[in-house]
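Student:
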Amino acid sequence: MNHPMPDFEPTQAAHWHGFTQMSDFDPLVIQSADGCWLTTVDGRRLFDGVSSLWCNVHGHRHPVLDAAIREQLDRVAHITTLGMCCETTERLARRLVEITPGDLAHVFFSCDGSSAVEAAIKMAFQYWQQRDDPRPQKTNYLALGAAYHGDTTGSVSLGGIKYFHQLFAPILFSPIRGPIPCTYRLPPGVGLDGAVEYYANEIELLLKEHHASLAAVVMEPLVQGAAGMITHPPGLLHRVRQLCDQYEVLLICDEVATGFGRTGRLFACDHESVTPDILCLGKGLTGGYLPMAATVARPHVFDAFLAPVQASKQFFHGHTYGGNPLAAAVALASLDLLCNSSLIDQVNAKGDRLRSRLSDLMDHPHVGSIRGRGLMVGIELVSERDRHTPFDPALQLGRHVCQRARENGVWIRPLSDVIILMPPLVASDEELDMLADVAISSIQTALDSIGDTADALVTGG
Ligand SMILES: *Cc1c(COP(=O)(O)O)cnc(C)c1O
1 MNHPMPDFEP TQAAHWHGFT QMSDFDPLVI QSADGCWLTT VDGRRLFDGV SSLWCNVHGH
61 RHPVLDAAIR EQLDRVAHIT TLGMCCETTE RLARRLVEIT PGDLAHVFFS CDGSSAVEAA
121 IKMAFQYWQQ RDDPRPQKTN YLALGAAYHG DTTGSVSLGG IKYFHQLFAP ILFSPIRGPI
181 PCTYRLPPGV GLDGAVEYYA NEIELLLKEH HASLAAVVME PLVQGAAGMI THPPGLLHRV
241 RQLCDQYEVL LICDEVATGF GRTGRLFACD HESVTPDILC LGKGLTGGYL PMAATVARPH
301 VFDAFLAPVQ ASKQFFHGHT YGGNPLAAAV ALASLDLLCN SSLIDQVNAK GDRLRSRLSD
361 LMDHPHVGSI RGRGLMVGIE LVSERDRHTP FDPALQLGRH VCQRARENGV WIRPLSDVII
421 LMPPLVASDE ELDMLADVAI SSIQTALDSI GDTADALVTG G
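For the sequence shown, our numbering gives the first residue as 1, with consecutive numbering after it.
Structure below.
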C-alpha cells in the first residue's frame, strides 16, 4: 500500500492514538475533506462511512458551519462559563431547551460525551443528597449489559463491554447490571413478540430489589452503539420510563450517539415520547465540528440545586472549556440546518435504502444480522449463523473487512465483528449505494480469505 508517511516509526510516535495498537499502526494522514469525503496527503479519496466517529451530520467543510465559526471568531473565541456567559452559548442553551423532549429545561455544558455522562452521574447523586426530601442512600446506578457511556472513570464504571471495561474493574464503582436488551440474541424461549415484556421484567426485578439504593437508571435509548448497534425491542424505553417513575429512580438517557437525527427523529427518546430526567448529548451536537457536549436536566432536578449561597447546594462540577462560544456558534448553525430542512425526515428512507441494498448479504452463511435504526447500521458476522456463534476474535475479521473497504475508497471502523455503517446524514443515495456495495464486497473478500482458517476453528481443527 502507498504509505503517506513512509518513515513512520512507531517507537517515535509523538501522537499516541486512542484504542490503537501503536506497534501496528498504519497511519492514514488526512489533508482535507469536503462533503462526505476525506482526502489523504497522497491524494486518495475516502468516503467517511462512520461520520468521523459518529459525529458528522452535514458533511465536512459545510459553508454555513464554516461561516458560523468565522463569525464567532470575530467576536470572541473563548470565555469561562464560571460566573459569566456569552450570548452565543445562552442562545444555544435556549435552543436545546426548545428542541429536547418534554420539560427538559436546564443545560449544563461540557466538552465530550464521556463528560456529559460524568456530569449526569454526579448531578443525579447530588440531587438525591440535597433535595427537599433527601434520600442519601441513593448512591448507586443501574446500567444495562454491554452499555457504553464513555471512557472517563465514572462512565467506564457504567459500561459493560468486556474489552473496554473489565481491565479497569479495580478502580471502578459497581453499578447494578441489567440485561442486554438485544433483539438478535434472545434468551431461550423468548420470541421477538415477548422481548419487551421479558427485558422490562428483568429490569423491574432489579428495581424492586435495589431501588432504595439507586440514584438513576442509565441507558442508551433504542440502540446501544458501541456494543455493536444492539437494537432494543421497540417499547422498552417507554417501559423503563414507567418503571423509573414507579420505583422513584431518575432516568438518565445517553443520546450521545443517537441524538441529532441519527435514528430518524431528532432524539431517540422522541420515538417513544419519553422525557428522561437527565439527557446526555454530544457527538452530533456541533455537526461534528468542535468538541462540545451537554447534560440537560428537568426542573425538578435543577430545583434541588437552588438555595441560598451559604447552603452550598450548587452543582459541584464544571469544565474550563464548557460552553465554548465557537462550539456553541457551530452547534446553533448545525441545529438550524437540521431543523429547517427535511434532513431528519429523510433519515429513515436513507437507512432503509442502505439496509435493503445490504440485504443480499443475508444469504451469506456468515452474516448473522443487519440491524440498527435510521442511519445507524451494524452488520454482525458470525461463524455459525443458526447458533449466532461469534468468530474467534484472533481472526480479527472486522478489522480485515475494514482494511478491504479502505482499499476500495471507504473509511469504516468495526466493533469486533460488527461492521458499522454510520455515514453523515447528508449522504446521497448514490453515496449510500456505493457504501453498501463496498461493504458487501469487503465482507465477501475478507470472509473468503479467512475461509479455511475459520472452518478449521469452527470444527475445532
Ligand atoms: C461516544 C459515546 C460516548 C462518549 O463520548 P466521547 O465524546 O467519546 O467522550 C458516550 N456515550 C455514548 C452512547 C457514545 O456513543
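Cβ atoms here follow ideal geometry from the backbone N, Cα and C, with glycine treated the same way. Fair warning: this is a prediction, and the values are worked out from it, not measured in the lab.
Is residue 484 helix, strand or coil by DSSP?
Tutor: Here the chain comprises residues numbered 1 to 461, so residue 484 is not present and cannot be evaluated.
Student: Taking DSSP's pairing of strands, which residues face residue 414 in a bridge?
Tutor: Looking at the DSSP assignment, residue 414 forms a beta bridge with 419.
Student: Kindly give me the distance between the Cβ atoms of residue 426 and residue 58, rounded to whole angstroms, as I take these residues to be in contact under 8 Å.
Tutor: Contact holds; Cβ gap of about 5 Å.
Student: Based on the DSSP output, what are the partners of residue 140 in its beta bridges?
Tutor: According to DSSP, residue 140 bridges with 214.
Student: With a 10 Å radius around its C-beta and 16 neighbouring C-beta atoms as the bar for buried, classify residue 320 as buried or exposed.
Tutor: Flag for residue 320 reads exposed.
Student: How many angstroms separate the CA atom of residue 15 from the CA atom of residue 283?
Tutor: Their Cα atoms are separated by approximately 22 Å.
Student: Hey, which unbroken runs of the alpha helix (DSSP H) at 4 residues or more fall wholly within the segment 26-69?
Tutor: Segments of the alpha helix (DSSP H) lying fully in the segment 26-69: 51-54.
Student: Tell me the start and end of each unbroken beta strand (DSSP E) in the segment 225-268 that is at least 3 residues and wholly inside, in chain order.
Tutor: The segment 225-268 contains these whole beta strand (DSSP E) runs: 250-254.
Student: Using the Cα positions of residue 265 and residue 255, report the straight-line distance between them to the nearest angstrom.
Tutor: The straight-line gap from Cα to Cα measures roughly 12 Å.
Student: Hey, how far is the Cα of residue 335 from the Cα of residue 233?
Tutor: Near 29 Å, if we compare the C-alpha coordinates of residue 233 and residue 335.
Student: Note down the Cα distance separating residue 324 from residue 292, rounded to an integer number of angstroms.
Tutor: Near 8 Å, if we compare the C-alpha coordinates of residue 292 and residue 324.
Student: Within the same chain, show all residues whose beta-carbon is closer than 8 Å to that of residue 86, passing over the 5 residues directly before and after it, in chain order.
Tutor: Excluding sequence neighbours, residue 86 sits near 76, 79, 323, 325 and 328.
Student: Can you tell me whether residue 195 is helix, strand or coil according to DSSP?
Tutor: Note: residue 195 maps to helix in three-state DSSP.
Student: In the DSSP assignment, find the beta strand (DSSP E) that holds residue 477 and state where it starts and stops.
Tutor: Past the boundaries of the shown model lies residue 477; the chain is included only from 1 to 461, so the question cannot be answered.
Student: Using the C-alpha atoms, what's the distance from residue 241 back to residue 206?
Tutor: Cα to Cα, the separation comes out at about 15 Å.
Student: If you measure from each CB to the nearest heavy atom of ligand 1 and keep those under 5 Å, what residues do you get, in chain order?
Tutor: Qualifying residues come out as 112, 113, 114, 149, 150, 220, 225, 254, 256, 257 and 282.
Student: By DSSP, does residue 14 sit in helix, in strand, or in coil?
Tutor: DSSP places residue 14 in coil when its eight states are reduced to three.
Student: Are there 16 or more other CB atoms within 10 angstroms of the CB of residue 442, so buried, or fewer, so exposed?
Tutor: So residue 442 counts as buried.
Student: Considering residue 155, what are the terminal residues of the beta strand (DSSP E) in which it resides?
Tutor: Per DSSP, residue 155 belongs to no beta strand (DSSP E); it is in the alpha helix (DSSP H), 153-158.
Student: I need the straight-line Cα distance from residue 142 to residue 214, nearest angstrom please.
Tutor: If I take the Cα positions, the gap works out to 7 Å.
Student: Within a Cβ cutoff of 8 Å, which residues of the same chain sit near residue 367, ignoring the five residues on either side of it in sequence?
Tutor: So the qualifying residues of the chain are 361, 379, 380, 381, 382, 385 and 443.
Student: Touch check for the segment 139-154 and the segment 302-310: three-plus C-beta pairs under 8 Å?
Tutor: Output reads no: the segment 302-310 does not touch the segment 139-154.
Student: Among 290, 337 and 30, whose alpha-carbon lies nearest the alpha-carbon of residue 110?
Tutor: Nearest of 290, 337 and 30 to residue 110, Cα basis: 290.
Student: Excluding the 5 residues flanking residue 400 on each side, which residues of the same chain have their C-beta closer than 6 Å to its C-beta?
Tutor: Taken in chain order, the residues that qualify are 446.
Student: Tell me which same chain residues have a C-beta within less than 6 Å of the C-beta of residue 124, skipping the five on either side of it?
Tutor: The answer, listed in chain order, is 215, 216 and 250.
Student: Which residues mark the beginning and the end of the beta strand (DSSP E) in which residue 295 is found?
Tutor: 293-297 is the extent of the beta strand (DSSP E) around residue 295.
Student: Excluding the 5 residues flanking residue 218 on each side, which residues of the same chain have their C-beta closer than 6 Å to its C-beta?
Tutor: The answer, listed in chain order, is 141, 143, 158 and 252.
Student: Who are the near neighbours of residue 40 in its chain, counting only those whose CB is closer than 8 Å to its CB and skipping five residues on each side?
Tutor: Counting only Cβ-Cβ distances below 8 Å, and skipping sequence neighbours, we find 4, 28, 29, 30, 31 and 46.
Student: Round the Cβ separation of residue 440 and residue 395 to the nearest angstrom and send it over; I've been treating them as touching at under 8 Å.
Tutor: Rounded, the Cβ-Cβ distance is 19 Å, inconsistent with contact.
Student: Looking at the unbroken beta strand (DSSP E) that takes in residue 372, where does it start and where does it end?
Tutor: Residue 372 -> beta strand (DSSP E) spans 367-373.
Student: If I measure Cβ to Cβ from residue 201 and keep anything under 7 Å in the same chain, skipping five residues before and after, which residues do I get?
Tutor: Counting only Cβ-Cβ distances below 7 Å, and skipping sequence neighbours, we find nothing.
Student: Can you give me the Cβ contacts of residue 238 inside the same chain, cut-off strictly under 8 Å, excluding the 5 residues immediately before and after it?
Tutor: Here the set comprises 272, 273 and 274.
Student: Are the Cβ atoms of residue 108 and residue 294 separated by less than 8 Å?
Tutor: For residue 108 and residue 294, yes; Cβs fall inside 8 Å.
Student: Nearest CA to the CA of residue 156: which residue from 100, 90, 226 and 212?
Tutor: Taking only the C-alpha atoms, the option nearest residue 156 is 226.
Student: Tell me which same chain residues have a C-beta within less than 6 Å of the C-beta of residue 318, skipping the five on either side of it?
Tutor: Excluding sequence neighbours, residue 318 sits near 82.
Student: Between the alpha carbons of residue 114 and residue 436, how many angstroms are there, rounded?
Tutor: If you take the alpha carbons of residue 114 and residue 436, they lie about 31 Å apart.
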